[in-house]
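Chemist: Protein chains in written order, with our numbering: chain A, 12 to 217; chain B, 2 to 537.
Glycine included, every Cβ here is placed at the ideal spot set by N, Cα and C.
The following block contains the structure, expressed as structure tokens.
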């Protein structure tokens, strides 16, 4: 295996392949959310007035702040990549921490937003929801499912970014070999992009 | 593109060369050939479990009313049989085993693009399979929804649906990662000079399959997640009481699960396309048509899911369109069949077991394909929908097609995998027994299906009994053939005669290297100058 390990070390350095793999993975993520978007579209068409009424319950300020936070985080991770390519390791690491901080702020915000809903007895299966009309039930069901799955992706993205930061610190990811950071940034942009669609669909269109 | 490896290890991939000894040298190996074999062993084991459950169902159906089990157990049987056979055997059956083993060698590479990811997806597969099997034994009893988990029953039944759907989700994820790996491998790892149109046709089929795995599987992933969320949190996506629409579930499910049928059959067609030129010693007829028809099947196959739902309630326009597209997707399949036949014409045919299996494949697949059109046509579908006609059609395509192609593939690449030859005579006898048993088992189901025998039913009218008895006898004949085949293969892997590097006089790259292949496949990466299948 020692020989094999060496051979693999020499062979498996193909940054283009890694990036292609990441893009393909991003396709699958988009299709995963695509299923939810499809369900949203169908039920929005079926129950448009009730979707309108239910969406008024959401707080646009919360959503807008979170959108800005995520956009800043995407910018930060893009800058971190450029910084690393220019061999500014310290700056790059600081920018990654900024990204992680933004992600954290996003989740804290989300926590309070969800908490508010729970306080008003709005969650799948709640007593209040059972009394509402079908469109309301489905709207809030979709709201929790979509933002919940997205929050899960934010958490995964944070973990990946922390790993990247550790690896940069250890010198394993550097100006000559930055594809891991590039892929992590791609993934982070995907997380951002999905939110860019969720925000208007859930908060803005009424 | 790649740095030259300094020294070439001359031992074969079967010899242990690592830090770890024995079984650990296999379980931790990122070598595509070892991973392919590990998949093969795991899938063969699951296949045996699926066959046993299938046989139990056949015994139950030998007479009307209760024969050996209660109705609820029978519901568990057909669900478990479906989950094991579909998600754990047929979907990974060719691409994860022979795809892993052959794809890198056939395109002149030393491994797949992401070897560690490859091993990871194998472990995901094992983990998912473990959960699927566990769901059969836990407290609330095996899932009884059928493998399609139709809502709203799947969201209300008391059985272990959550664990079974989680298992299917994980198995799907494993399938996505394998597909991703193969796409990148084909794009980035082809040997110098090997353009897309100089690739052999099995890699072409795998490439088309990989795209379906990648683009269709996430949809069923999210659908299964929705079923889980529905059960856990009572959201109401597919529950009419809360405003949801069960037909929407059927759409989402079949958006994946129809293309999944092509995940199963495309690599099988690829295998057959490798075998026929080799045993006819003749250049494949219509190389480009076969290659592009794989892509066409992948593309059009994505858009025909509605034909599973003719009786579920759809607009007349949708019905018309889905039926039309279903007929369209039959065209590229037929192109392949005609090309195979044209390849045989004036070839010097050598009736070895792989070729025999390939002939059986063409026969069974053609019956399955043509009866598929009976199901795809709107008027006839109403008569045969949800009858054993569907069961027969499906098994002709999946077992007669994919299954026999997998047997063909084992017999074709066996000497390459182990460096040993199996007993040709035994293999021939086994294949003929299986062919006879198969037709005895499934053909009567077409007839009683048209007469109105519903699928998935525990009980039936006495007039169906003669056909059911023939079917059950066929099941035992088929199993006898399987036992002989497994016996021959297992014995020969250890004790068979040594096989030469190129026993069938094949032209693709895997036959140009020693049997079994060296650890790194090629000492020097070959330079490809011409199209494949040039027999001299």
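#1: Measure from the alpha carbon of residue 539 of chain B to the alpha carbon of each residue in B:255, B:278, B:296 and B:287, then state which is nearest.
#2: Can you pull the chain A neighbours of residue 189 of chain B, defined as C-beta to C-beta under 8 Å?
#3: Can you list the residues of chain B that residue 46 of chain A reaches, using a CB-CB cut of under 9 Å?
#4: Using a Cβ cut-off of 8 Å, which residues of the segment 49 to 69 of chain A contact any Cβ in chain B, in chain order?
#5: For residue 519 of chain B, list the residues DSSP reports as bridge partners.
#6: Would you report the Cα separation of residue 351 of chain B and residue 37 of chain B, rounded to the nearest angstrom?
#7: Do the segment 423 to 440 of chain B and the segment 452 to 470 of chain B touch if we need at least three Cβ pairs shorter than 8 Å?
#8: Counting only beta-carbon atoms, is residue 212 of chain A nearer than 7 Å to chain B?
#9: Buried or exposed: which applies to residue 122 of chain B, given that a residue is buried once 16 or more other Cβ atoms fall within 10 Å of its Cβ?
#10: Specify, as a first and last residue, the run of the alpha helix (DSSP H) that residue 162 of chain B falls within.
#11: Straight-line CA distance for residue 347 of chain B to residue 537 of chain B?
#12: For my contact list, residue 410 of chain B and residue 362 of chain B are in at a C-beta cut-off of 8 Å; report their separation, rounded to the angstrom.
#13: From B:279, B:318 and B:404, pick the residue whose C-alpha is nearest to that of residue 345 of chain B; which is it?
#14: Which residues of chain B have a Cβ atom closer than 8 Å to the Cβ of residue 200 of chain A, listed in chain order?
#15: Please classify residue 27 of chain A: does DSSP put it in a helix, a strand, or coil?
#16: Is it the case that the Cβ atoms of residue 85 of chain A and residue 200 of chain A are separated by a distance below 7 Å?
#17: Which residues, in order along the segment 178 to 207 of chain B, keep a beta-carbon less than 9 Å from a beta-carbon of chain A?
#18: Starting from residue 388 of chain B, follow its DSSP beta bridges and name the residues at the other end.
#19: Looking at chain B, which residues of the segment 185 to 198 of chain A have a Cβ within less than 7 Å of any of its Cβ atoms?
#20: Could you compute how far the alpha carbon of residue 15 of chain B sits from the alpha carbon of residue 309 of chain B?
#21: In its own chain, which residues sit with a C-beta less than 7 Å from the C-beta of residue 210 of chain A, not counting the 5 before and 5 after it?
#22: Applying a beta-carbon distance threshold of less than 7 Å, which residues of chain B neighbour residue 166 of chain A?
#23: Could you check where the alpha helix (DSSP H) with residue 70 of chain A kicks off and where it finishes?
#24: Hey, how far is the Cα of residue 18 of chain A from the Cα of residue 287 of chain B?
#25: To be precise: take each residue of the segment 135 to 148 of chain A, compare its Cβ to all Cβ atoms of chain B, and keep it if any distance is under 8 Å. Which residues remain?
#26: Which residues in chain A sit within 8 Å of residue 109 of chain B, going by Cβ to Cβ distance?
#27: Is it the case that the Cβ atoms of residue 127 of chain B and residue 167 of chain B are separated by a distance below 7 Å?
#28: Using a C-beta to C-beta distance shorter than 7 Å, which residues of chain B count as neighbours of residue 42 of chain A?
#29: Counting only Cβ pairs nearer than 7 Å, list the residues of chain B close to residue 152 of chain A.
#30: Residue ranges of each alpha helix (DSSP H) run of no fewer than 4 residues wholly in the segment 377 to 430 of chain B, ordered along the chain?
#31: I want to know whether the segment 171 to 186 of chain B touches the segment 28 to 44 of chain A - three or more CB-CB distances under 8 Å.
#32: State the DSSP-derived secondary structure class of residue 284 of chain B, mapped to helix, strand or coil.
#33: Identify every run of the alpha helix (DSSP H) within the segment 86 to 153 of chain B, keeping only runs that are complete inside it and at least 4 residues long; order them along the chain.
#34: Residue 518 of chain B and residue 106 of chain B look like a contact to me (Cβ under 8 Å); what is the Cβ gap, rounded to whole Å?
#35: Take the Cβ of residue 66 of chain B as the centre, count every other Cβ of all protein chains shown within 10 Å, and call the residue buried at 16 or more, exposed below.
#36: The alpha helix (DSSP H) that contains residue 192 of chain A, what's its start and end?
Modeler: The short version:
#1: In the structure displayed, chain B extends from 2 to 537; residue 539 of chain B sits before or after that span and is not available.
#2: Result: 25, 27, 28 and 31.
#3: Here the neighbours are 219, 220, 221, 222, 223, 224, 226, 227, 253 and 256.
#4: The residues in question are 49, 50, 53, 54, 57 and 58.
#5: DSSP lists B:13 as the bridge partner or partners of residue 519 of chain B.
#6: Taking the straight line joining both Cα atoms gives about 28 Å.
#7: Not touching, per the Cβ criterion.
#8: Answer no: the Cβ-Cβ gap between residue 212 of chain A and chain B never drops below 7 Å.
#9: Counting of Cβ neighbours within 10 angstroms places residue 122 of chain B among the buried residues, the total reaching 16 or more.
#10: Looking at the DSSP string, the run of the alpha helix (DSSP H) that includes residue 162 of chain B is 162 to 189.
#11: Rounded to whole angstroms, residue 347 of chain B to residue 537 of chain B spans 15 Å at the Cα level.
#12: Between residue 410 of chain B and residue 362 of chain B, the beta carbon gap of about 10 Å keeps them out of contact (Cβ cut-off 8 Å).
#13: It is B:279 whose Cα lies nearest to the Cα of residue 345 of chain B.
#14: Contact note: residue 200 of chain A does not reach chain B at a C-beta cutoff of 8 Å; the least C-beta distance is about 18 Å.
#15: DSSP places residue 27 of chain A in helix when its eight states are reduced to three.
#16: Yes, these two residues count as a Cβ contact at 7 Å.
#17: For the segment 178 to 207 of chain B, residues whose beta-carbon sits nearer than 9 Å to a beta-carbon of chain A comprise 178, 180, 181, 182, 184, 185, 186, 188, 189 and 190.
#18: Assignment of beta-bridge partners to residue 388 of chain B by DSSP yields B:455.
#19: For the segment 185 to 198 of chain A, the beta-carbon criterion of a distance under 7 Å to any beta-carbon of chain B is satisfied by none of its residues.
#20: Each residue's CA atom was taken as its position, placing residue 15 of chain B and residue 309 of chain B some 45 Å apart.
#21: Cβ neighbours of residue 210 of chain A beyond the five flanking positions: 74 and 78.
#22: Simply none; closest approach about 16 Å.
#23: In the DSSP assignment, residue 70 of chain A falls outside any alpha helix (DSSP H), carrying neither H nor E.
#24: Legend: pLDDT at residue 18 of chain A = 44, less than 50; position of this residue unreliable, no value from coordinates given.
#25: Only those residues of the segment 135 to 148 of chain A whose C-beta falls short of 8 Å from the nearest C-beta of chain B are listed: 135, 136, 144, 145, 146 and 148.
#26: Result: empty, since nearest Cβ-Cβ is about 14 Å, beyond 8 Å.
#27: Not closer than 7 Å, so no.
#28: Chain-ordered, the chain B residues with CB closer than 7 Å to the CB of residue 42 of chain A read 216, 219 and 220.
#29: The contacting residues are 236, 237 and 238.
#30: The qualifying runs are 379 to 385, 389 to 396 and 405 to 419.
#31: Enough Cβ pairs lie closer than 8 Å, so yes.
#32: In the structure shown, residue 284 of chain B sits in coil (DSSP, three-state: anything other than H, G, I, E or B).
#33: Positions of the alpha helix (DSSP H) runs, each at least 4 residues long and wholly inside the segment 86 to 153 of chain B, are given as 101 to 107 and 116 to 138 in order along the chain.
#34: Indeed, because the Cβ distance is near 6 Å, the residues count as touching under 8 Å.
#35: Exposed, because fewer than 16 other Cβ atoms sit within 10 Å of the Cβ of residue 66 of chain B.
#36: Where residue 192 of chain A is concerned, the enclosing alpha helix (DSSP H) starts and stops at 190 to 210.
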